[in-house]
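Since the structure comes first, as structure tokens, the remarks are kept for the end.
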Amino acid sequence: MTKATPPVWVIGDVQGCATALDTLLAHPEIAAQPEAQLWFAGDLTNRGPDSAGTLRRIRDLGSRAVTVLGNHDLHLLAVAAGIRKPGKSDTFCDVLNAPDADELILWLRQQPLAHHLDGYLMVHAGVVPQWTVQQTLECAQEVQAALSSDAWRERLGNMYGNEPNRWRDDLGRNKRLRIIVNALTRIRMCTRKGRMDFTLKGAPAPDADLLPWFDVPKRATRGEATILFGHWSTLGLMVRPDAICLDTGCVWGRQLTALRLNDRKIIQIEAAGLVPQGLVGE
10 MTKATPPVWV
20 IGDVQGCATA
30 LDTLLAHPEI
40 AAQPEAQLWF
50 AGDLTNRGPD
60 SAGTLRRIRD
70 LGSRAVTVLG
80 NHDLHLLAVA
90 AGIRKPGKSD
100 TFCDVLNAPD
110 ADELILWLRQ
120 QPLAHHLDGY
130 LMVHAGVVPQ
140 WTVQQTLECA
150 QEVQAALSSD
160 AWRERLGNMY
170 GNEPNRWRDD
180 LGRNKRLRII
190 VNALTRIRMC
200 TRKGRMDFTL
210 KGAPAPDADL
220 LPWFDVPKRA
230 TRGEATILFG
240 HWSTLGLMVR
250 PDAICLDTGC
260 VWGRQLTALR
270 LNDRKIIQIE
280 AAGLVPQGLV
290 GE
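Structure, rendered in structure tokens:
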């Protein structure tokens, strides 16, 4: 007898909202499926009140949980490594000051930046139009290997900056790592020729040249996989055959969203406002 494939729930940006996550996981439809896989689209930490608790809850799910890293998670790693200083709006000092801080940081930097299964590719922000699914996975693995290495602090320090903003196969190691991180954890808009633009953080607006990354013509992943992503709270819930956005602004007082892959069932938990409304950040 063929073993049934367990259901998969994909969950948008938690960003330290551990109470909302607990409420979501206790929802009758999710709690009734203890065999279900739980995929997290990155940005587990920051801006919310309990980043440490969020990391422990997801880590303790063991093999049930699959997560990819988001830009806020990488920022936490950079602060932990002494590469960057916490910003005024950062709320992950509970991780840095925790008695199990070393364990939480080690677990976080061992997580991937992309996950692919059964026609779905999960990343935090998106992909550059030049990449196929296989290229995306290979590029993500380069960053994961760097973060898992003994030299992770040095490697992470070279991953910050907006340039280069267009993919080329002949980029050197540091430039490769930088553009891979930017594509997988920060991208929103691209030119029609596939050059990333980081100026827009709000909802997509009509533009003669700039397009949401998922609408760029001749995107190589189109037709290969449905891309699952978060990162774009001002875009909000978007469910299309080729792309699904699940960042519904929990930390901005809106919802934490889970979507079941097999039937596109959506469950949303309303979250109390945790920061002033109208703020938008990476």
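In this note's numbering, each residue carries its 1-based index in the sequence shown increased by 9.
Glycine is no exception: its CB is placed at the ideal position from the N, C-alpha and C atoms.
Note that this is a predicted model, so its numbers are computed, not measured.
Query: Relative to the alpha-carbon of C26, which residue among E38, L64 and A45 has its alpha-carbon at the smallest distance?; Result: L64
Query: Using alpha carbons as the reference points, say which of V17, R56 and R164 lies closest to P43.; Result: V17
Query: State yes or no: is the C-beta of Y169 within less than 9 Å of the C-beta of I236?; Result: no
Query: With three or more C-beta pairs closer than 8 Å as the rule, is the segment 36-51 touching the segment 88-106?; Result: no
Query: Per DSSP, C259 forms a beta bridge with which residues?; Result: Per DSSP, none; premise fails for C259.
Query: Apart from the five residues just before and just after L165, which ones in its own chain have a Cβ nearer than 8 Å to its Cβ?; Result: L83, L86, A87, A90, I92, A155 and L156
Query: CB-CB under 7 Å to P226, same chain, minus the five flanking residues each way: which ones, in chain order?; Result: R201
Query: Look up M205 in the DSSP assignment and give the residues it is bridged to.; Result: C199
Query: Near V190, what residues of its chain come up, given a Cβ to Cβ distance below 7 Å and the 5 sequence neighbours on each side ignored?; Result: L83, V152 and M168
Query: Pick from R187, A134 and Q120: whose alpha carbon is nearest that of S158?; Result: Q120
Query: Kindly give me the distance between the Cβ atoms of V137 and M205, rounded to whole angstroms, as I take these residues to be in contact under 8 Å.; Result: 7 Å
Query: What does DSSP give as the partner residues of I276 in its beta bridges?; Result: A267
Query: In angstroms with no decimal places, state the Cα-to-Cα distance between P221 and P250.; Result: 16 Å
Query: Using only CA atoms, which one of A29, L33, G135 and R118 lies nearest to G203?; Result: G135
Query: Measure from the alpha carbon of T76 to the alpha carbon of each residue in P37, T194 and N171, then state which is nearest.; Result: T194
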